[in-house]
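Chemist: Before anything else, here's the structure in question.
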Amino acid sequence: MDNSIGNHICGVNDELTILRECGCYADFTFPCLNKAQPAMLNTIYYAIDDPGRPKSYNRGVTVKCNSKAPENGLMIIQGILGLRPDETKRLKFAIDYSDIDFNDPPTTGRVDYWLKNAIYIEGKPNWKFIKLHTHGAPEIRWKANFGRQADIAFKYLEDQYKDDKIYCLHYITAREMYNVIRAAESGAQQFRSIYRDLEIKLYPYCNQS
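Sequential numbering of the sequence shown, starting at 923, is according to this note's numbering.
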């Protein structure tokens, strides 16, 4: 993104501006395991484009509770990136970058890791965001996302982290996540379902019966 890897891949230094002008409200690309990864790890922030230089999103303005978004910023919403314990690996650690794949399926251990390291906006540590991703939908990734391993992991998530006392669990789309972050940014105290559609409304085709 934003010519971060070089002209042979992208070549567009003002991609952030183009995205904003075309209606993009946030970018959900990261984390990644190459040099496109921004220096601001495990953070939700606004990137300000510099059309004359590549990788303008490398650093930016951190999203904070009770603050105003920069007028020309594009929100960067990242997933977790870090080292997690993994007894199946030679060094007993694995790099977790919030990916669900056949060679890195969801496990109860990963669920605990995600909750422990969940990302939040500054000033709102009790609203934790866990953004996961997978790459496309080939058959090889079916079991990791929808098979028995996934069922065990997400049942564990609901059994351990959905007691509605200490933990309240919400499944949300990318659009809804952006809206909820914006609600927290504007000073919202308690989570309300209406925040899912706070700013970017439900797409018209989703309203069709």
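Glycine is no exception: its CB is placed at the ideal position from the N, C-alpha and C atoms. Note that this is a predicted model, so its numbers are computed, not measured.
List the DSSP bridge partners of L996.
Modeler: Counting from one through the sequence shown, the residue named residue 996 turns up at place 74. Paired residue(s): A969.
Chemist: With a 10 Å radius around its C-beta and 16 neighbouring C-beta atoms as the bar for buried, classify E937 as buried or exposed.
Modeler: Here residue 937 corresponds to residue number 15 of the sequence shown, with the count starting at 1. It is buried - the Cβ of E937 has at least 16 other Cβ atoms within 10 Å.
Chemist: Should I1052 and W1036 be called a contact, given that it needs their Cβ atoms to be closer than 8 Å?
Modeler: Locating residue 1052 in the sequence shown gives position 130, counting from the first residue. Locating residue 1036 in the sequence shown gives position 114, counting from the first residue. Yes, the Cβ-Cβ distance between I1052 and W1036 is below 8 Å.
Chemist: Buried or exposed for T965, please, with buried defined as at least 16 other CB atoms from any protein chain shown within 10 angstroms of its CB.
Modeler: Here residue 965 refers to the residue found at position 43 of the sequence shown. It is buried - the Cβ of T965 has at least 16 other Cβ atoms within 10 Å.
Chemist: Got a sec? Which residues, its chain only, sit under 6 Å from L963 by beta carbon, not counting five neighbours each side?
Modeler: As a position in the sequence shown, residue 963 is number 41, starting the count at 1. For L963, where only same-chain residues beyond five positions count, the Cβ hits under 6 Å are L1003.
Chemist: CB Y1117 to CB A1110, shorter than 8 Å?
Modeler: Start at 1 with the first residue of the sequence shown, and residue 1117 comes out as number 195. Start at 1 with the first residue of the sequence shown, and residue 1110 comes out as number 188. Yes, the pair counts as a contact, with Cβ atoms nearer than the cut-off.
Chemist: Mapping DSSP to helix, strand and coil, what is F952?
Modeler: Counting from 1 along the sequence shown, the entry for residue 952 is found at position 30. Here F952 sits in coil by DSSP.
Chemist: Which one or two residues does DSSP pair with T984 in a beta bridge?
Modeler: Here residue 984 corresponds to residue number 62 of the sequence shown, with the count starting at 1. In DSSP, T984 forms a bridge with Y967.
Chemist: Using the three-state DSSP reduction, which class does A1110 fall into: helix, strand or coil?
Modeler: Within the sequence shown, the letter at position 188 stands for residue 1110. Of the three classes helix, strand and coil, the one that applies to A1110 here is coil, per DSSP.
Chemist: First and last residue of the beta strand (DSSP E) that includes I1017?
Modeler: Looking up residue 1017 in the sequence shown gives position 95. F1015 to D1018 is the extent of the beta strand (DSSP E) around I1017.
Chemist: Distance, Cα to Cα, P1126 vs R975?
Modeler: Position 204 of the sequence shown, counting from 1, holds the residue named residue 1126. Position 53 of the sequence shown, counting from 1, holds the residue named residue 975. Straight-line Cα distance between these residues: approximately 37 Å.
Chemist: What three-state label does DSSP hand A1051 in the structure shown?
Modeler: Taking the first residue of the sequence shown as position 1, residue 1051 is located at position 129. In the sequence on display, residue 1051 carries Phe and not Ala. If DSSP states are grouped into helix, strand and coil, F1051 belongs with the strands.
Chemist: If P960 sits next to I927, beta carbons under 8 Å apart, how far is it from one beta carbon to the other, in whole angstroms?
Modeler: Along the sequence shown, read from residue 1 onward, the residue named residue 960 stands at position 38. Along the sequence shown, read from residue 1 onward, the residue named residue 927 stands at position 5. About 13 Å; that fails the 8 Å criterion.
Chemist: Rounded to whole angstroms, what's the CA-CA distance from C987 to Q1000? Just pull it up for me.
Modeler: Looking up residue 987 in the sequence shown gives position 65. Looking up residue 1000 in the sequence shown gives position 78. Spanning the two alpha carbons is a distance of roughly 17 Å.
Chemist: Under 7 Å Cβ to Cβ from A958, same chain only, skipping five residues before and after it: list those, please.
Modeler: Position 36 of the sequence shown, counted from the start, is the residue given in the question as residue 958. The answer, listed in chain order, is M923, S926 and I927.
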